[in-house]
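Have a look at the structure below before the remarks.
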Amino acid sequence: MAATFRLWLPAGWTGAGDYPAVPMFDLANVGLAQQATGLISTVITGVIVIACWVIVGLGRARWAWPIIAASLAISVVLDQHRLQPWVYQSFLYAVLFTLAPRNESGQASEPAFRLIRLLTISVYVFSAVGKFDFQFLHTVGQDFLRAPLQWVGVDVSTWPVRTRLFAAASFPAFELCVAFALCWSRTRMLGVWMATAMHLGLLTVLSPLGLGHSPGVMVWNVVMAIQAWWLFAGPALEPDRDAESGPRPVGWLASWLAWATVAVALLMPVFERSGYWDHWLAWALYSPHSSRVSLQVHESALERLPAAWQVAVGADEDADRWHDLRLGSLSLAIRGVPAVPQARYQWALANQLIQQSGIENQVRGKVQSASDRWTGERDEQWWTRPDEFQAAGEAYWFVP
């Protein structure tokens with residue numbers, strides 16, 4: 114949260130005052146104005162920080178974990194931009210720790226850690242499977258290949274296309290091997306070392322020396338590397354016998370809810386390609402096959418955009434007086450985190466940007482579906498008028 118502080122604090126405090134929040138639904142219907150949601154977000158952020166201090170500093174986790182789970186959920190409802198992969202992961206962990214049986218000192222028992230290990234393995238599995246994809250192999254995979262090799266003077270552009278594609282496929286193949294190695298006790302330590310090497314490699318490639326990703330992405334890779342040791346080679350491997358033999362706070366219901374949470378997290382990513390589950394919630398990480406919205410602003414309307422947004426305005430490449438307003442670049446420049454790679458969120462964000470600037474009749478663009486795994490092709494819905502744009506958003510459930 115410290116690395117992504119502009120997501121969590123009021124926009125006026127962080128210099129992101131012109132970047133609108135995108136709630137899950139129209140908060141005005143429940144009597145919440147934008148100023149009120151900013152105050153609520155500030156309070157919730159403080160509550161999360163205090164709850165983390167209670168867990169780490171005081172060793173009291175019994176009531177802190179449900180507070181964290183509820184606070185994260187409310188934060189995401191107030192602004193979908195906060196639905197970052199690590200936030201979703203933290204929410205799932207908080208739910209499982211909430212439902213886990215505990216001893217008098219508040220320590221969770223071994224069953225909770227088994228479920229968390231299962232979730233962690235699923236992250237690697239779904240992340241790897243999502244990269245065996247036309248778009249990844251031809252775009253981001255090539256960036257991952259080119260960035261480290263150029264440091265040693267190797268120009269991958271001279272390689273045959275087939276060789277470059279197979280080399281890019283080695284990244285998800287290695288990640289899948291990490292997942293399989295972590296599944297069995299005999300290969301678990303190998304999996305831990307492989308996971309560490311993978312995350313250190315990603316840190317190098319994504320660093321300012323490479324692709325220059327956001328601080329939140331860098332910190333999450335550090336956490337994932339540490340987590341591999343803690344979950345699969347560290348203290349979490351030692352079951353807390355006192356907690357297992359002690360009374361359960363909710364008994365069978367808590368156990369059932371814990372398994373149901375994990376079941377949803379493991380099953381729903383299957384529906385990501387069909388649009389019924391978010392790409393990030395399906396652990397489609399560094400995978401460019403996601404749905405998206407492209408937005409162009411006419412040259413005559415550029416002066417109506419806030420000065421801070423100009424960094425995301427592209428050049429007039431077609432000499433037709435239309436300029437791309439790159440939502441991903443805008444998110445990184447103003448909030449310091451990637452934009453949610455989801456057409457639903459990007460449509461709602463574009464809608465608020467358009468309304469906020471009063472340029473309804475000076476924009477155009479398209480809504481694109483997730484790409485085909487084998488061909489990279491997408492379904493596209495172009496719009497040039499306000500009514501066409503509004504019609505494109507009617508397909509989504511969670512837009513304000």
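Count along the sequence shown from 1, then add 113; that gives the number in the working numbering.
Every residue, glycine too, gets a C-beta built ideally from N, C-alpha and C.
Assess, as a yes-or-no matter, whether the stretch 456–464 is touched by the stretch 393–410 under the definition of 3 or more beta carbon pairs within less than 8 Å.
They touch, by the three-pair rule.
In the structure shown, what three-state DSSP assignment does residue 299 receive?
The answer is helix: DSSP assigns residue 299 an H, G or I state.
Could you tell me the alpha carbon to alpha carbon distance between residue 361 and residue 212, rounded to whole angstroms?
Below a pLDDT of 50, predicted positions are generally treated as unreliable, and residue 361, at 45, falls in that range; the measurement from the model is reported next regardless. Taking the straight line from one Cα to the other gives about 9 Å.
Just the Cα atoms here: how many angstroms apart are residue 80 and residue 429?
There is no way to answer for residue 80, as the model of the chain reaches only from 114 to 513.
Pick from 482, 379 and 261: whose alpha carbon is nearest that of residue 234?
Of the listed residues, the one whose Cα sits closest to residue 234 is 379.
CA-CA distance, residue 356 and residue 205?
For residue 356, the predicted model reports a pLDDT of 43, less than 50, meaning its position is unreliable and no value from the coordinates is stated.
Could you tell me which residues DSSP pairs with residue 200 in its beta bridges?
In DSSP, residue 200 forms no bridge with anything.
Would a C-beta distance cut-off of 8 Å place residue 198 and residue 241 closer than the cut-off?
Taking 8 Å as the Cβ cut-off, residue 198 and residue 241 do not qualify as a contacting pair.
Using the Cα positions of residue 261 and residue 268, report the straight-line distance between them to the nearest angstrom.
For residue 261 and residue 268, the distance between alpha carbons rounds to 10 Å.
Cβ atoms of residue 329 and residue 155: under 8 Å apart, would you say?
No, the Cβ-Cβ distance between residue 155 and residue 329 is not below 8 Å.
Which same chain residues end up closer than 6 Å to residue 201 when comparing Cβ atoms and leaving out the 5 residues on each side of it in sequence?
Here the set comprises 394.
Following the continuous alpha helix (DSSP H) through residue 251, name the residue where it begins and the one where it ends.
First-last of the alpha helix (DSSP H) with residue 251: 247–251.
Touching or not, the stretch 316–336 and the stretch 294–301, by the rule of three or more beta carbon pairs under 8 Å?
Because the criterion of three Cβ pairs below 8 Å is not met, the stretch 316–336 and the stretch 294–301 do not touch.
Hey, could you find the ends of the beta strand (DSSP E) residue 437 is sitting in?
Segment 435–437, the beta strand (DSSP E) holding residue 437.
Using a threshold of 8 Å, state whether the C-beta atoms of residue 119 and residue 449 are closer than that.
Yes.
Of all the options 189, 270, 323 and 245, which has the alpha carbon lying nearest to the alpha carbon of residue 400?
With distances taken between Cα atoms, residue 400 lies closest to 245.
Report yes if the C-beta distance between residue 229 and residue 344 is below 8 Å; otherwise report no.
Yes.
Figure out for me which residue from 455, 486, 224 and 504 has the closest Cα to the Cα of residue 367.
The option with the nearest alpha carbon to residue 367 is 224.
What did DSSP end up calling residue 330 once you bin it into helix, strand or coil?
Helix.
What residues match up with residue 479 in a beta bridge as DSSP calls it?
DSSP output for residue 479 lists 407 and 495 as bridge partner(s).
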